[in-house]
Amino acid sequence: MDVNHDGKDGQKQQKTDSMSNSSLAQSVTVETEVVLKKEVGLLSGISLIVGTIIGSGIFISPKGVLDMTQSVGLSLVVWTGSGVLAMLGALTYSELGTLVRKSGGEYAYILEAFGQVPAFLFAWTSVIVIRPSSIAIICLTFSEYLTTFFPYCGSPEVVPKVIAAVAIVTLMVINSMSVTAAARVQILFTAAKLGALVIVMIGGIVRLAQGHTTQFQDSFAGSTSSPSTIALAFYQALWAYDGWNNLNYVTEEIYKPEMQVLFFYAVKITISTNT
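Quick note: the sequence shown uses the working numbering, first residue 3, plus one each step.
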């Protein structure tokens, strides 16, 4: 009788230990799960996507598009077509953002659809090649514009590169410290860029009101007919729209993404196409 009693007590103790170990494992799993804070609201979300689109491209691409199309009319057609393509891509990404509510953009969608290996390859390609190249172009453009304020300094060629490197490190530190701080900086720079574009647009409207419409009288005269040149013009214009997918990299940090993602993209495409 004592042996049976001791055996039952041992079984009960084993069950208790296994239950406690299971509870401990569950608590460890819960504690180690990473949950991003939802800190991207209406204004910061719009600023994020509009601010990334209205960047270096919109200030550089117009000259390239006009040089390749060789006419004002065809260049406007290219800009409109590029806006439509960007809108279709944005609508597609808004649908993906509401279905797969994970941060990471293309990585999250490839992981969900095709598995770990393709997602891993894309992530490293993006980190090593795609993203650094894009950021380098943007920051070098910023440094080139900044050095034009000092035309008589005779700065060496290394100065724009140093300025670009400092800009990259500064933005990296801001984004690493706080999502809220990064969103506020994004709002500030977006307002500054929109202000600059508004000044340019007002100047153009004033010139048109004064009767300077020579370029629109025969706007398609001299247009290129080369498909390759037109394709390059579209490439230049699409660079100005680049960044329309950036909102999906922070899907988990958006308040009510199922309601706001589509609205963000609609506002973004409207503002970007009109500017």
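C-beta: ideal position from N, C-alpha, C; glycine also.
N- and C-terminal bounds of the alpha helix (DSSP H) containing residue i
i	result
Val-252	Element bounds for Val-252: n/a, residue is neither H nor E.
Gly-83	74 to 101
Ser-136	133 to 149
Val-119	118 to 127
Pro-162	160 to 179
Residue from the options whose Cα sits closest to the Cα of residue i
i	options	result
Ile-137	Gln-219, Pro-229, Phe-266 and Gly-59	Gly-59
Thr-182	Thr-231, Val-252, Ala-198 and Gln-238	Val-252
Phe-265	Ser-96, Phe-236 and Leu-210	Ser-96
Ser-230	Met-70, Thr-127, Thr-192 and Ile-56	Met-70
Val-168	Val-102, Phe-191 and Phe-144	Phe-144
Ile-140	Thr-82, Val-102 and Ile-62	Ile-62
Asn-281	Thr-94, Gly-197, Thr-192 and Ala-198	The first residue shown for the chain is 3 and the last is 277, placing residue 281 beyond what the model contains.
Tyr-109	Ser-128, Ala-92 and Gly-91	Ser-128
Val-102	Gly-91, Glu-114 and Ala-92	Glu-114
Lys-163	Pro-153, Phe-122, Ser-180 and Leu-142	Leu-142
Phe-124	Ile-165, Phe-152 and Ile-112	Ile-112
Val-80	Ala-239, Asp-220, Ile-176 and Ala-185	Ala-239
Leu-90	Glu-254, Gly-197 and Tyr-243	Tyr-243
Ser-135	Trp-241, Asn-177, Thr-82 and Gly-106	Trp-241
Arg-133	Lys-195, Gly-107 and Ile-56	Gly-107
Val-52	Ile-176, Leu-190, Gln-219 and Ile-204	Leu-190
Lys-104	Ala-268, Gly-85 and Ile-256	Ile-256
Gln-72	Gly-206, Ala-121, Leu-98 and Ser-221	Ser-221
Gly-245	Ala-268, Gly-206, Ala-92 and Tyr-147	Ala-92
Proximity test, residue i beta-carbon vs the ligand SAM heavy atom, cut-off 7 Å
i	result
Thr-150	Annotation note on the ligand SAM: not contained in the displayed structure, which lists no ligands.
Using a Cβ distance threshold of 8 Å, determine whether the stretch 75 to 94 contacts the stretch 221 to 231, with at least three qualifying pairs required. Yes: the two stretches touch, three or more of their Cβ pairs being nearer than 8 Å.
Runs of alpha helix (DSSP H) lying entirely within the stretch 207 to 239, each at least 4 residues, in chain order: Fully enclosed alpha helix (DSSP H) runs of 4 or longer: 216 to 219.
Spell out a yes or no on whether the stretch 190 to 210 and the stretch 62 to 74 are touching, meaning 3 or more CB-CB pairs, one atom from each, closer than 8 Å. By the Cβ criterion, the stretch 190 to 210 is not in contact with the stretch 62 to 74, since fewer than three pairs of Cβ atoms, one from each stretch, lie closer than 8 Å.
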